[in-house]
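Numbering (UniProt numbering), first residue to last: 1 to 708. Beta carbons: idealized from backbone N, C-alpha and C, even for Gly. One structure is given here, and the rest of the page talks about it.
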DNA sequence: GAGCACTGC
């Protein structure tokens, strides 16, 4: 029978395809530089409780080492090998790859867990995750008792999460190796897994330092993986831990410098683009710029000059990429240029690590980068343009050597390179620490200044964040985590100010509303206003806007989107309804990626507050309690109108102005609270709402009594 | 009447 025959042959084809694929995977794995070191690495991990692995790009360390350890018996007693990544996409894509290499469905032996997306099961033994997620897990299981091995990958990036995790893991490892020998009494109850049970209020009050009772816990193996050559810093931090080096696989990249310093790097970049285009062999160009404005201006300049070239030389395709660009436009960098065309990608830092673009042969690096800094005295976090570090320059040039030999044009003289800092300032040195402090306190680490960080944050920044947490009621006068407010706040994956707002809202009977507003405030800008459609977007915004301010406007947007989605779901499939929602967003000039993010956060924090036992009630149509609640929650950023129409921020004394994007920009009420202060040409406040001045003294007397 | 790099729970 023909059908039988075809069935058989297709089964046969499928089978042979399967085996061909397996063979291909095996061949690929054996060819990786790290493969030759499998036995040696296993020995090193057996002999050392802490191991530093320096692996260059393309060594295969992230995908292979966990498999070696699994096969080497490191999960034998049920332990899990956890691998942390600074970024979500990395955790997901690597896990998928490793599951395929192991020939198992994702979520079984190999899985991943990131916020909003957990693809692990009881049988998961190799678990990829974000470092921030593992920190959250530590709040529930301070010994990280599920894990037999923890691998911290990309440690050289030194994100805040990585730094806190390193300090925590150091303590956990010490505790677990002690716990395996000694029995120490504890007043906490334990379940059969050795996990500490939560106390009655749903909040666990344990200290990994004080309660060492881990008789069932086995020692923890710790592996720190870094791509930078600076293993010494990690080794010193871990008491002279052993460091091994694994060869990478990169093609050579020619580094070219300018003879003289450039006064205008944007102009220099433009000239270099055309120089490469006219003189060099085929291959795409990647240009590193500092921000959207620079990217858009170079894009225009290239377009302006192209028509002046001979017809045969006009085949240059310009593609911008930066984080706030809608995803469908971002995808353009992955599309092949038409035949005969050269692609030039104008990118921010997003192309340094987050996005890998194929086909790049030339990199142009002006040597500048925009970074967020933190000013502890004002609490403002301005963005400034600074020179890159050496490590960053190397990372950028490496982007030209992924598929073949390449060239990197550094738009500064060689002696300037020598003057650059070795590596970028760790994030912990330049960020607001209130969340870090809150997390550490929740882990039972009370002495923040004395905590064993790989690099100490500034003392002033620690003190400032403790002051803030005290004013929010999260810390007691003795700087201990308060009960229940501090404990509750530490459980919420939010900025501490927002966490507090949720707790306050439960007392004002408007938690329903505050959950939405806090979710909306937590995401990147909800409104999307392209320059060419400014008027249309303004009209769209009007239909949602509230005279009470931006917070209620955000609430209106969220509710309108919910209503639209619910209606759409009644007549459509879930997929179709979500597609319709994206269309609705576009029509209303709303960034659908941001709204989706807000919806995810909303459902997560709603679950969180339910678990805490907070009452989720709504204030209905009466917005007065909600506005009073805003005053009670955001009193630290209240501002009063001055005779000249500017505002004075009450806690900092700074003169500020309402940002033109606010619905209150023209209305200028007497007294307001705001969400964010950004410094550009002026001090602008964003997301502003009208309140009554008298509410401040009534609802935050502890603070406004001090003012007088 | 402005303009914001990139992550993450």
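- A direct Cα-to-Cα measurement between residue 537 and residue 303 gives close to 27 Å.
- According to the DSSP assignment, residue 129 belongs to no alpha helix (DSSP H) but to the beta strand (DSSP E) extending over 126-130.
- As for any alpha helix (DSSP H) of minimum length 4 sitting wholly inside the region 211-276, the runs are 231-237, ordered along the chain.
- For the pair of segments examined, the region 135-144 was found not to touch the region 89-102: the number of CB pairs separated by less than 8 Å stays below three.
- The three-state reading of DSSP puts residue 514 in helix, counting H, G and I together.
- When DSSP reads this structure, residue 410 sits in a beta bridge with 257, 365.
- Going by DSSP, residue 627 is part of the alpha helix (DSSP H) stretching over 624-633.
- Residue 424 is not a Cβ neighbour of residue 377, given a cutoff of 7 Å.
- With contacts defined as CB atoms closer than 7 Å, residue 155 and residue 129 fail to qualify as a contacting pair.
- When the five nearest sequence neighbours on each side are left out, no beta carbon in the same chain lies closer than 6 Å to the beta carbon of residue 644.
- Between the alpha carbons of residue 402 and residue 74 lies a distance of about 33 Å.
- Contact between the region 640-656 and the region 524-537 is absent: fewer than 3 CB-CB pairs across the two stretches fall below 8 Å.
- Each of 680, 676, 249 was checked against the Cα of residue 689, and the nearest Cα belongs to 676.
- Distance from the Cα of residue 594 is smallest, within the candidate group 105, 122, 582, 427, for 582.
- Inclusion of residue 233 and residue 57 in the CB contact set at 7 Å is not warranted, their separation being larger than that value.
- In the structure shown, residue 458 adopts coil according to DSSP, grouped into three states.
- According to DSSP, residue 657 shares a beta bridge with 684.
- Counting along the chain, the unbroken beta strand (DSSP E) around residue 147 starts and ends at 147-152.
- Of the residues assessed, residue 21 falls on the exposed side of the cut-off, its CB having fewer than 16 other CB atoms within 10 angstroms.
- Annotated three-state conformation of residue 320 is strand, per DSSP.
- In the structure shown, the three-state DSSP call for residue 671 is strand.
- Beta-bridge analysis with DSSP links residue 689 to 549, 673.
- Residue 619 is not a Cβ neighbour of residue 505, given a cutoff of 7 Å.
- Secondary structure at residue 309: coil, using DSSP grouped into helix, strand and coil.
- Within the region 416-453, the complete alpha helix (DSSP H) segments at least 4 residues long are 434-442, listed from N- to C-terminus.
- Taking 7 Å as the cut-off, the Cβ atoms of residue 482 and residue 437 do not count as close.
- Annotated three-state conformation of residue 82 is strand, per DSSP.
- Pairing residue 411 with residue 262, the inter-Cα distance amounts to about 7 Å.
- Judged by DSSP in its simplified three-state form, residue 344 adopts strand.
- Per DSSP, the unbroken alpha helix (DSSP H) holding residue 601 starts and ends at 592-612.
- Less than 7 Å divides the Cβ of residue 119 from the Cβ of residue 107.
- Membership of residue 374 in any alpha helix (DSSP H) is not indicated, and neither H nor E is assigned to it by DSSP.
- In the DSSP assignment, residue 70 falls outside any beta strand (DSSP E) and lies within the alpha helix (DSSP H) extending over 61-71.
- Residue 44 places its beta carbon less than 7 Å from that of residue 244.
- Judged by DSSP secondary structure, residue 387 falls within the beta strand (DSSP E) whose first and last residues are 383-387.
- Taking a cut-off of 8 Å on C-beta distances, the region 251-261 does not touch the region 75-85, as fewer than three cross pairs fall below it.
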